[in-house]
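Under my numbering, the letters of the sequence shown match residues 671 to 851, in that order. Reading through the structure tokens given below for one structure.
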Amino acid sequence: MIYLLTLAIAATRFLPHPPNFACLGALGLFAGCYFAGRKTYLVPAAALLISDAVSHLMGIPGMGFYNPMVMAATYVGVTLSVPLGRLVRSHADASGVNWRRLPIGAFAASTVFFVVSNLGVWLGPWYPASVEGLVACFTNAIPFYGYTAAGDLLFAGVMFGAYELSGVKRSVPAPAAAQAA
Numbered sequence: 671m672i673y674l675l676t677l678a679i680a681a682t683r684f685l686p687h688p689p690n691f692a693c694l695g696a697l698g699l700f701a702g703c704y705f706a707g708r709k710t711y712l713v714p715a716a717a718l719l720i721s722d723a724v725s726h727l728m729g730i731p732g733m734g735f736y737n738p739m740v741m742a743a744t745y746v747g748v749t750l751s752v753p754l755g756r757l758v759r760s761h762a763d764a765s766g767v768n769w770r771r772l773p774i775g776a777f778a779a780s781t782v783f784f785v786v787s788n789l790g791v792w793l794g795p796w797y798p799a800s801v802e803g804l805v806a807c808f809t810n811a812i813p814f815y816g817y818t819a820a821g822d823l824l825f826a827g828v829m830f831g832a833y834e835l836s837g838v839k840r841s842v843p844a845p846a847a848a849q850a851a
């Protein structure tokens, strides 16, 4: 299931959408909540890498491989949603997810991604390495944060809700998954 989900999320990056309105943060939350082991941290990064590779080969502007500093920060920012998914799962009810924590987790994933990815943008070639450059970078990124937060909240609700409604049993019980994390 995780391989299909990763490919499906990678494919969604090619659909028309507002900037930063993506499923990647929600995928990290979902993987962190429902999958065990350290390889789980690769799930959102793999979806991003697949879509970056395909878009690079297709020559799609605005996607693909670009400045290494910005890419590294983007991948780290997306990957940090996995431990937030672990927190959403902690103290979960019988369904395996703490529904009160899910919106908080989605906003936290958006915020962590915003901070980490924009630090990478600031360290990249577009802004001066000064306090003024840092402020300008984060100020210019504020509109993108709204799209990121909306996408993470919507897609987390869709992914978690669809999984819970499907009635599929988790392959790793929540207590055992918590120990593996």
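Heads up, the beta-carbon is just placed ideally off N, CA and C, and yes, glycines get one too.
Under 8 angstroms between the Cβ atoms of residue i and residue j?
i	j	result
ILE679	LEU694	yes
TYR745	LEU718	yes
PHE814	ALA696	no
ARG683	SER721	yes
GLY831	PHE691	no
MET741	LEU793	no
ILE672	ALA701	yes
LEU757	GLY775	yes
LEU750	VAL786	yes
LEU823	PRO773	yes
HIS726	GLY734	yes
Which term fits residue i, buried or exposed, when burial requires 16 or more other beta carbons within 10 angstroms of its beta carbon?
i	result
THR809	exposed
VAL713	buried
ALA778	buried
GLY790	buried
TYR704	buried
MET728	exposed
ARG708	exposed
Please name the residue, chosen from the options, that lies closest to residue i on a Cα-to-Cα basis.
i	options	result
PRO689	GLY794, VAL805, VAL838 and PHE784	PHE784
CYS807	TYR817, PRO795 and ASN788	ASN788
VAL767	MET829, THR676, LEU677 and HIS687	MET829
GLY827	LEU685, GLY755 and TYR711	GLY755
SER780	GLY732, VAL752 and ALA819	ALA819
> Counting only runs that start and end within the region 683-767, where is the alpha helix (DSSP H) found for 4 or more residues in a row?
Replying inline: 694-704, 712-728, 738-749 and 751-759
> Which parts of the region 769-841 are runs of the alpha helix (DSSP H), unbroken and 4 residues or longer, counting only runs that do not cross its ends?
Replying inline: 771-793 and 801-836
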